[in-house]
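Some notes on the structure that comes next.
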Amino acid sequence: MDPFDSPSTAQTTVETNDDNSLVGSDELSSAALITRSTYGGVLMGLANLVPGISGGTMLLAAGIYPRFINAIADVTRLRFRFRSLLVLGTVVVAAGIAILLFAGLLKDLVVEKRWIMYSLFIGLTLGGVPLVYKMVKPLSSKSIAAAIGAFAAMAGLFLLQLYEVTGSGSQSFPMMVVAGLAGASAMILPGVSGGYLLLLLGQYVPILGGIDRLKDALKARDISAAMEPGLSVVLPVGIGVVLGVVVVGNLLKWLLEKHREPTLGALLGLLLGSTIGLWPFQVPVPPQVGDEIKGQLMTVELLAEIEKEDWKTERFTPNATQIGGSIGLVLLGLGITIGVSKLGSEE
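The sequence shown begins at 552 in this note's numbering and counts up one residue at a time.
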């Protein structure tokens, strides 16, 4: 059953074809399925690099989302159908290639052009609200209560962020696993951004930086240099991604089927609250001797080694041009996500 269908539609779908309950009739040829899965995978990979864009929404835009969910359900139930493996494998490989190619560029943009990128992120995030609202309406007391609770939780997380002393969170192996799990969990639901969750956890820049270092080492055929980002970033994040897709993906699918109203209500509150932590007008501040960065007191030697991505940030008062530009970027991001969501509704 597609957890996003209305109850009557979902019931009809199951009665018609139990094995394809998430996709309905599946008449695409293998070549067409590969093409659509590749397109959706690339979009999903790029989406998970950009806080605010949902990988699930991108799969909807490519018309592959129901088949992707069905493929996950098949594989986790040890039903290794050819078409399910084809969809899942193609999406994952395409997403991985997109992430590998563009991680460095997006990391640099977030660090160097923070107010521009964050303004765009706000619009991209808010663009997911109409999609989720359409799924949750008509609003009930359960969905409203869940939305308020989720919004409050996001506000609480933002307040906790105000006490952070570094630009990045803990980069331990367990934290990287958690980051991968959170990012993968967000991929499952349209409207939820895995990139934003990584940003909130303080792992967005470290993960993208690790992927970029791995890419550079592989291009230089330097295996020893590739080991550090491979073992400290890619491996734990990969473990978290697998756990997130398999465990959390099935859990969210169950929640949407059994507790649809409060689950979608919470999702709506999460989206609305997620923009709280994306205030765009902040700049990185160079650390001074004696400052604490990533648990270390800065010395002259350490100051020469610290990366700009780890600097603390402070807010600034924008000028009229920046305010106007920020509003324009918010509207641009809003239009992009809403437009992509409308494309996905055509399947």
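Cβ coordinates follow ideal geometry from the N, Cα and C atoms, glycine included.
Just so it is clear, the structure is predicted and the values come from calculations on it, not from any experiment.
Go to residue i, then tell me how far its alpha helix (DSSP H) extends in each direction, as first and last residue.
i: V784; result: Careful: V784 lies outside any alpha helix (DSSP H) and carries neither H nor E.
i: P725; result: F724 to I739
i: V601; result: Premise fails: V601 is in no alpha helix (DSSP H) and is neither H nor E.
i: F631; result: Element bounds for F631: n/a, residue is neither H nor E.
i: D767; result: Y755 to K770
i: G746; result: G745 to L751
Is residue j closer than 9 Å to residue i when the C-beta atoms are compared?
i: I615; j: N801; result: no
i: I762; j: A730; result: no
i: G760; j: K658; result: yes
i: Q873; j: W666; result: yes
i: S635; j: V626; result: yes
i: P831; j: W862; result: no
i: G734; j: N621; result: no
i: I887; j: G745; result: no
i: L854; j: M686; result: no
i: A649; j: G824; result: no
i: G679; j: L822; result: yes
i: V784; j: L765; result: yes
i: T619; j: V601; result: A small fix is needed here, since residue 619 is Phe in this sequence, not Thr. Cβ atoms of F619 and V601: not closer than 9 Å.
i: L806; j: V683; result: no
i: A701; j: G884; result: no
i: M668; j: L660; result: yes
Does DSSP put residue i in a helix, a strand or coil?
i: Q873; result: helix
i: V836; result: strand
i: R866; result: strand
i: L829; result: coil
i: L899; result: Residue 899 lies beyond the stretch modelled for the chain, which goes from 552 to 898, so this question has no answer here.
i: E858; result: coil
i: L848; result: strand
i: T563; result: The predicted model places T563 with a pLDDT of 38, which falls under 50 and marks its position as unreliable, so this point remains unresolved.
Rounded to the nearest angstrom, what separates residue i and residue j at their Cα positions?
i: A768; j: K693; result: 51 Å
i: T826; j: L594; result: 22 Å
i: V644; j: L749; result: 21 Å
i: K859; j: E812; result: 43 Å
i: G795; j: A737; result: 9 Å
i: A654; j: E843; result: 27 Å
i: P689; j: R628; result: 33 Å
i: M778; j: K893; result: 42 Å
i: Y755; j: V881; result: 20 Å
i: P558; j: S581; result: Model confidence at P558 stands at a pLDDT of 46, short of 50, so the residue's coordinates are unreliable; what they give is reported in the following sentence. Looking at the two C-alpha atoms, the distance is approximately 31 Å.
i: L752; j: G876; result: 27 Å
i: V799; j: M849; result: 40 Å
i: I889; j: S775; result: 44 Å
i: G606; j: V788; result: 17 Å
i: S723; j: L597; result: 25 Å
i: L671; j: G640; result: 31 Å
i: G791; j: A871; result: 43 Å
i: T864; j: G828; result: 13 Å
i: G841; j: I695; result: 48 Å
i: G906; j: G591; result: A query on residue 906 cannot be resolved here, the shown segment of the chain reaching from 552 to 898 and no further.
i: R587; j: A646; result: 13 Å
i: L584; j: H810; result: 32 Å
i: F867; j: Q833; result: 6 Å
i: L573; j: A697; result: Residue placement at L573 is flagged as unreliable, the pLDDT there being 41, under the threshold of 50; the coordinate-derived value follows with that caveat. Answer to the nearest angstrom: the Cα atoms are 26 Å apart.
i: M727; j: Y747; result: 15 Å
i: S691; j: P617; result: 26 Å
i: I739; j: V851; result: 45 Å
i: F709; j: T589; result: 36 Å
i: P681; j: A613; result: 18 Å
i: M609; j: L786; result: 25 Å
i: P780; j: V797; result: 24 Å
i: P837; j: P869; result: 20 Å
i: L782; j: K770; result: 18 Å
i: I699; j: T676; result: 18 Å
i: D773; j: R632; result: 38 Å
i: P725; j: I857; result: 23 Å
i: L732; j: L651; result: 19 Å
i: R630; j: A703; result: 40 Å
i: V808; j: V662; result: The residue you asked about is not Val; residue 808 is Glu in the sequence shown. If I take the Cα positions, the gap works out to 40 Å.
Under 8 Å: does the beta carbon of residue i sit that close to some heavy atom of the ligand FAD?
i: G731; result: Among the components modelled here there is no ligand, and therefore nothing to report on the ligand FAD.
Checklist line | Minimum length 4: unbroken alpha helix (DSSP H) runs contained in the segment 636–684 | finding: 665–677, all fully within the segment 636–684.
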